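Student: Right, I'll just put the structure down here and ask away after.
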Amino acid sequence: MHRTGDLYGHFQTLEQQKETATLGMWIFLVTEVLFFGGLFLAYTINRSAFSTAFGIGSNTLDITLGAGNTVVLIMSSLTMAMAVWSAQVGKKKWVSIFLIATLVLGTVFLGVKAVEYKQKYDHHLIPGSGFDMRYRSAHPTAADDPKEMALEKEEVEKAFEKDPDINAHSQLYFSLYFGMTGLHALHMIIGAGLLVWLIKGSFAGRFTPQYNTPVEVVGLYWHFVDIVWIYLFPLLYLIDRHR
Amino acid sequence: MLGTYVTVRAAFVDLGKMNIVLALGIATIKATLVVLYFMHARYSPKRTQLVIVCSVFWLAIMLALTLTDYTTRSHETQPGVSHLARPGASHPFRV
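In structure tokens:
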């Protein structure tokens, strides 16, 4: 393809080329909005149908880890925005620094997510034949606070009274939980791969005030993934927290 | 950017007694700030802004029409639902 510097032959100016690239990314994000939108829709319908099961399922999630992860991800969006800004004003060293910070925060998020998944595995809360809402309170470990466990047991028993099929219905909650957070995590992993590619480019000094489209476009993607989490967090973690 | 910090703080303070409307309201404020400032939507060309508005509009159509259907129609004969309920249990969507 014919190319002059960073300008491809079918564009008149770098400005036009950049606007085209960001518009293309936005259109991709529209498809992503509808993609995740379908899952949010499935979530809404099932939550309204099985509110007790969704409430009790949501209460098994660790709110500290979830809220902490929200802050980590919003911070990573901030560092990503700073990286884009640094590229636009030509602070090459800072582009690398902010991109690395974004990658580190993204990795922390994924690590915490892995810890949360492991907890659900230990507590028999993976949908399937081993699934049992009663398992956790029936098998306390040494690290568990007995008072907390007694409360949880009471809560689970109350839920069984209200809805005898709680084990079937809360599996719906956990299927959606793993489906939605898993898909979100997959987007994060892809984003982390893109960040590694950008960091390599920034070390080579690729991004200048005239040409920084890759940083800008990956930034859009990263912020979108952040927005998905902004909605996932209250919907999955905060269904029934007031007692 | 400062606004994002503030809404995160607000989300923390409200934890525990937050209802769904407030939770989604705060989430929407946060998301809007991210779109406007982090994603530069405020300083983007008109056609990019049009794409963003269209995206929200189509999402609204999908949610509104599907929920209209689910909340007004009886699902007694819906396959794939009944096996979750015990025999004789009433389906939550039945009006």
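In order, the protein sequences belong to chains Y and R.
Note that my numbering numbers the first sequence so that position 217 is 244, with each residue one more than the last.
Note that my numbering numbers the second sequence so that position 9 is -3, with each residue one more than the last.
Just so you know, even glycine gets a beta-carbon here, dropped at the ideal spot from N, CA and C.
Here the structure is a predicted model, which is why all the values come from computation and not from measurement.
Grouping DSSP H, G and I as helix and E and B as strand, with all else coil, what is F30/Y?
Tutor: The displayed chain sequence assigns Arg, not Phe, to residue 30/Y. Strand, per DSSP.
Student: In chain Y, which residues lie with their C-beta within 7 Å of the C-beta of K18/R?
Tutor: Near K18/R (Cβ distances below 7 Å), the residues of chain Y are I257.
Student: In chain A, which residues lie less than 7 Å from Y58/R when you measure between Cβ atoms?
Tutor: You won't find chain A in this structure, because its protein chains are Y and R.
Student: Would you mind sorting P261/Y into buried or exposed? The rule is 16 or more other CB atoms within 10 Å of its CB.
Tutor: It counts as buried.
Student: List the residues of chain R whose Cβ lies closer than 7 Å to the Cβ of V60/Y, in chain order.
Tutor: Ordered by position in chain R, the residues that pass the 7 Å Cβ test against V60/Y are S43 and L47.
Student: On the criterion of 16 or more Cβ atoms from any shown chain inside 10 Å, does G93/Y qualify as buried, or is it exposed?
Tutor: Classification for G93/Y: buried.
Student: Near M27/R, which residues of its chain fall below 6 Å by C-beta distance, leaving aside the five closest residues on each side in sequence?
Tutor: Cβ within range, chain order: n/a, list empty.
Student: Express the C-alpha separation of H37/Y and T47/Y in angstroms, rounding to a whole number.
Tutor: Each residue's alpha carbon lies about 11 Å from the other.
Student: Any idea what DSSP makes of Y7/Y, helix, strand or coil?
Tutor: Because chain Y spans 28 through 270 in this model, residue 7/Y falls outside it and cannot be assessed.
Student: Check each candidate in G218/Y, W224/Y, L259/Y and G232/Y and name the one with the smallest Cα separation from Y248/Y.
Tutor: Selected option, being the one with the closest Cα: G218/Y.
Student: Within 8 Å of any Cβ in chain R, is that where the Cβ of D253/Y sits?
Tutor: Yes, D253/Y counts as interfacial toward chain R.
Student: Measure the C-alpha to C-alpha separation of I40/R and P33/R and round it to an integer number of angstroms.
Tutor: Spanning the two alpha carbons is a distance of roughly 11 Å.
Student: Establish whether the CB of L51/R and some CB of chain Y are separated by less than 8 Å.
Tutor: Yes, contact with chain Y.
Student: Distance cutoff 8 Å, beta carbons only. Does V9/R sit that close to anything in chain Y?
Tutor: Not closer than 8 Å to any Cβ of chain Y, the Cβ of V9/R fails to qualify, so no.
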